[in-house]
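Offset between the sequence shown (1-based) and the numbering used here: plus 119.
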Amino acid sequence: MKHAFGKFQLAPHGRGRRRLHWQPVGGFGGLNLRLLRYASSGTAHRVNSSAMVRRTVFVAAAFAGFLGVSCALAAKPKTPVAKGIVRSYYIAAEDVDWDYAPSGRDLMSGRPIPAPWTNKTVWRKTRYVEYTDDTFSVRKPQPEWLGILGPVIRAEVGDSIVVHFLNRTQRAHSIHPHGLHYDKDNEGARYVPGGMGSDVAPGGRFTYHWLADEGSGPGPGDPSSVVWWYHSHVDSGIEANAGLLGPIIVTAKGKGGADAVPKDVDREFITMFMIFDEAKGKDEGLFHTINGYFFGNLPGLTMNKGEKVRWYLLGMGNEKDLHTPHWHGETVTHWQRHTDVVELLPASMTSADMVADNPGTWMYHCHVLDHMEAGMMASFTIVAPLSRSCPLRLRPGDWWRRSEPSNLEVINTAGKSIRRLSLHAAYFVNTAQNLNGSPYEWSLTDEIQPGGKTTVNVADEHFQENPLAGYYEDSKVIGLAFFPGRIEYSDGTVWTLGEAGECFTLSWRNKDERPYLKVLPPLQPDEEEQEDQD
Ligand SMILES: [Cu+2]
Numbered sequence: 120m121k122h123a124f125g126k127f128q129l130a131p132h133g134r135g136r137r138r139l140h141w142q143p144v145g146g147f148g149g150l151n152l153r154l155l156r157y158a159s160s161g162t163a164h165r166v167n168s169s170a171m172v173r174r175t176v177f178v179a180a181a182f183a184g185f186l187g188v189s190c191a192l193a194a195k196p197k198t199p200v201a202k203g204i205v206r207s208y209y210i211a212a213e214d215v216d217w218d219y220a221p222s223g224r225d226l227m228s229g230r231p232i233p234a235p236w237t238n239k240t241v242w243r244k245t246r247y248v249e250y251t252d253d254t255f256s257v258r259k260p261q262p263e264w265l266g267i268l269g270p271v272i273r274a275e276v277g278d279s280i281v282v283h284f285l286n287r288t289q290r291a292h293s294i295h296p297h298g299l300h301y302d303k304d305n306e307g308a309r310y311v312p313g314g315m316g317s318d319v320a321p322g323g324r325f326t327y328h329w330l331a332d333e334g335s336g337p338g339p340g341d342p343s344s345v346v347w348w349y350h351s352h353v354d355s356g357i358e359a360n361a362g363l364l365g366p367i368i369v370t371a372k373g374k375g376g377a378d379a380v381p382k383d384v385d386r387e388f389i390t391m392f393m394i395f396d397e398a399k400g401k402d403e404g405l406f407h408t409i410n411g412y413f414f415g416n417l418p419g420l421t422m423n424k425g426e427k428v429r430w431y432l433l434g435m436g437n438e439k440d441l442h443t444p445h446w447h448g449e450t451v452t453h454w455q456r457h458t459d460v461v462e463l464l465p466a467s468m469t470s471a472d473m474v475a476d477n478p479g480t481w482m483y484h485c486h487v488l489d490h491m492e493a494g495m496m497a498s499f500t501i502v503a504p505l506s507r508s509c510p511l512r513l514r515p516g517d518w519w520r521r522s523e524p525s526n527l528e529v530i531n532t533a534g535k536s537i538r539r540l541s542l543h544a545a546y547f548v549n550t551a552q553n554l555n556g557s558p559y560e561w562s563l564t565d566e567i568q569p570g571g572k573t574t575v576n577v578a579d580e581h582f583q584e585n586p587l588a589g590y591y592e593d594s595k596v597i598g599l600a601f602f603p604g605r606i607e608y609s610d611g612t613v614w615t616l617g618e619a620g621e622c623f624t625l626s627w628r629n630k631d632e633r634p635y636l637k638v639l640p641p642l643q644p645d646e647e648e649q650e651d652q653d
């Protein structure tokens with residue numbers, strides 16, 4: 120019997136599954152599920168929820184065919200009716216190694232990660248990971264700024280959401296949504312009384328059915344979309360700390376595009392402020408993070424000047440998790456006020472709208488002083504379009520194969536003859552945020568005609584004495600950036616570098632995982648120079 124149950128749980132969305140989670144046409148949760156519970160209610164004293172679930176499943180299997188026909192005709196749903204479209208997600212819970220600081224650096228101060236976290240920033244976490252279908256074999260990419268959070272689940276008011284959940288871990292987990300309408304079986308929370316989706320055993324699957332009803336969408340004072348939590352709720356304190364957390368965004372009816380993304384904003388970011396505890400409260404195990412990153416390691420908060428940006432803010436954790444996200448460089452509209460600090464308590468869900476009108480790279484951090492000290496910081500970048508065209512085009516060769524010459528082609532696009540120029544080179548360490556190497560520069564003195572080009576070998580004598588010549592030996596160097604410094608034209612005029620990295624070109628070691636950068640991150644200060652200052 121047990122074996123049969125196991126097989127049933129694992130059946131990949133086949134006929135058995137569909138019968139079990141069959142729904143009446145146009146209804147949401149409906150008579151069939153109530154009938155199933157009625158049929159299993161013979162167990163008067165159900166202290167063990169999994170025993171109850173098992174019994175329910177057997178009854179369901181036995182009556183599935185019968186119910187499948189009769190309820191379609193008989194059901195008159197009393198719960199809200201889904202009028203919108205059905206949005207399906209395939210989400211697995213998986214154990215992963217998580218690095219709170221993948222660059223290996225405190226990118227806000229340009230120094231090593233401070234004590235007591237210096238030596239260990241990688242810990243075992245459990246995450247929600249999205250896949251393209253129920254084979255759970257092809258991962259769906261998610262924006263890098265989501266960090267440790269699971270995929271964004273979206274709906275417009277009236278839509279229903281179907282989440283196919285697979286538990287690939289060694290413990291029972293679930294998915295419990297905030298804000299959406301669900302019935303008992305789709306609540307995803309283990310307590311008495313339990314529902315069928317309350318805990319999914321290791322290796323098991325469950326398909327959750329939720330509805331974004333009127334109450335799930337924006338209220339009278341809300342903007343066009345609102346954020347909600349989802350998280351595992353079998354042993355929720357432990358599971359939230361493990362990383363089983365994700366966002367739901369519900370857009371008002373008619374205000375979303377085909378993907379339910381609100382049409383009245385240009386960009387959305389979701390940031391969660393939470394302290395993860397890896398060592399029972401000891402300092403070296405307390406990671407004060409934004410989306411699971413500390414000390415400036417949260418990547419990808421990049422937007423264009425002029426964009427209307429919606430920041431969804433989430434809190435989670437314990438009594439220490441009183442956070443005050445603060446943006447430098449911009450104000451936001453939050454609850455019909457202007458501010459640059461928002462108050463977040465554990466499990467808070469709110470949003471703030473920003474008009475990104477102040478280009479630059481700005482700090483974004485929790486303003487609780489202890490939390491700042493402990494690294495609850497990130498930066499965001501507002502990119503302005505270049506105000507002038509580039510005088511050069513730089514084309515790197517195949518840097519990363521030693522057999523190839525390390526050539527950089529320099530093409531004159533200025534429309535006039537270049538007499539002399541200097542180029543800067545910098546290298547990325549571990550991540551695309553950690554750019555180093557400001558001192559490396561080399562000069563060309565051969566005249567380049569308009570439209571003409573010249574080739575620089577970065578391994579030649581101009582370059583031998585600096586560490587760049589050995590870039591391919593060091594696997595931590597993941598890419599190189601080149602940009603012009605100063606150009607002297609033959610007519611006596613001069614072009615100098617405006618914004619850092621203007622007219623840059625990039626070359627990545629791993630072309631399959633090439634990060635896309637619109638703008639170079641700030642150059643990290645040179646370590647030797649720093650030591651001189653200290
Ligand atoms: Cu804080």
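From the three backbone atoms N, C-alpha and C, an ideal C-beta is built for every residue, glycine too.
For a test of the three-state rule: what should DSSP assign to residue i, helix, strand or coil?
i: Asp631; result: helix
i: Gly434; result: strand
i: Gly604; result: strand
i: Gly229; result: coil
i: Gly404; result: helix
i: Lys439; result: coil
i: Ala544; result: strand
i: Ala361; result: helix
i: Glu528; result: strand
i: Tyr591; result: helix
i: Lys427; result: strand
i: Trp236; result: coil
i: Leu554; result: strand
i: Leu285; result: strand
i: Trp446; result: strand
i: Lys572; result: strand
i: Ser317; result: coil
i: Gly703; result: This structure gives no information on residue 703, because the portion of the chain shown stretches from 120 to 653.
i: Trp264; result: helix
i: His598; result: It is worth fixing the name first, because residue 598 is Gly in this sequence and not His. The answer is strand: DSSP assigns Gly598 an E or B state.
i: Glu333; result: helix
i: Asp304; result: helix
i: Leu463; result: strand
i: His457; result: strand
i: Arg153; result: Bear in mind that the predicted position of Arg153 carries a pLDDT of just 34, short of 50, making it unreliable; the figure below should be weighed with that in mind. Helix at Arg153.
i: Pro418; result: coil
State the CB to CB distance for the pair residue i and residue j, rounded to an integer number of angstroms; the pair is presumed to be in contact (CB under 8 Å).
i: Thr245; j: Asp214; result: 5 Å
i: Leu268; j: Asn477; result: About 27 Å separates the two Cβ atoms, so there is no contact after all.
i: Val451; j: Asp440; result: In fact, because the Cβ distance is near 21 Å, the residues do not count as touching under 8 Å.
i: Pro444; j: Thr390; result: 7 Å
i: Val241; j: Asp216; result: 5 Å
i: Asn553; j: Ser222; result: 4 Å
i: Lys372; j: Glu275; result: 6 Å
Let me see if you follow: with CB-CB separation under 9 Å, is residue i close to chain B or not?
i: Cys622; result: No chain B appears in this structure, which consists of one protein chain only.
Quick one: using the 10 Å Cβ neighbour count with 16 as the cut-off for buried, is residue i buried or exposed?
i: Arg309; result: buried
i: Ala234; result: exposed
i: Asp302; result: buried
i: Arg324; result: buried
i: Tyr635; result: exposed
i: Leu364; result: buried
i: Leu265; result: buried
i: Ala193; result: Per-residue confidence for Ala193 stands at a pLDDT of 35, beneath the threshold of 50, marking its modelled position as unreliable; the derived number appears in the next sentence. Exposed.
i: Trp519; result: buried
i: Ile357; result: exposed
i: Gln643; result: buried
Taking the alpha helix (DSSP H) that residue i falls in, what are its first and last residues?
i: Asp489; result: Leu488 to Glu492
Output the boundary residues of the beta strand (DSSP E) element that contains residue i.
i: Cys509; result: Unbroken run through Cys509: none, as it is neither H nor E.
i: Val311; result: Segment: none, Val311 is in no beta strand (DSSP E) and carries neither H nor E.
i: Tyr483; result: Gly479 to Cys485
i: Lys244; result: Val241 to Tyr250
i: Met495; result: That residue, Met495, is in no beta strand (DSSP E); it is neither H nor E in DSSP.
i: Val215; result: Val205 to Asp218
Is residue i near ligand 2 - that is, is its Cβ less than 8 Å away from at least one heavy atom of it?
i: His447; result: This structure lacks ligand 2; its bound ligands are ligand 1.
**Prompt:** Hey, is the segment 558 to 572 in contact with the segment 514 to 532, meaning 3+ C-beta pairs nearer than 8 Å?
**Reply:** Judged by pairs of C-beta atoms under 8 Å, the segment 558 to 572 touches the segment 514 to 532, as three or more such pairs exist.
**Message:** Does the structure place the segment 599 to 615 close enough to the segment 543 to 554 that three or more beta carbon pairs sit under 8 Å?
**Reply:** With a cut-off of 8 Å on Cβ pairs, the segment 543 to 554 is in contact with the segment 599 to 615, counting three or more such pairs.
**Prompt:** On the three-pair Cβ rule with 8 Å, is the segment 426 to 434 touching the segment 390 to 410?
**Reply:** Yes, they touch.
**Request:** Specify whether the segment 340 to 360 and the segment 381 to 388 touch according to this definition: at least 3 beta carbon pairs, one from each stretch, less than 8 Å apart.
**Result:** Touching, yes, given that three or more Cβ pairs across the two stretches are closer than 8 Å.
**Message:** I'd like to know if the segment 476 to 496 and the segment 394 to 409 are in contact, where contact means that at least 3 CB-CB pairs between them fall below 8 Å.
**Reply:** Result yes; three or more Cβ-Cβ pairs closer than 8 Å.
**Message:** Three or more C-beta pairs under 8 Å: does that hold for the segment 316 to 323 against the segment 274 to 294?
**Reply:** Yes, the segment 316 to 323 is in contact with the segment 274 to 294.
**Request:** Assess, as a yes-or-no matter, whether the segment 497 to 512 is touched by the segment 469 to 486 under the definition of 3 or more beta carbon pairs within less than 8 Å.
**Result:** Short answer: they touch.
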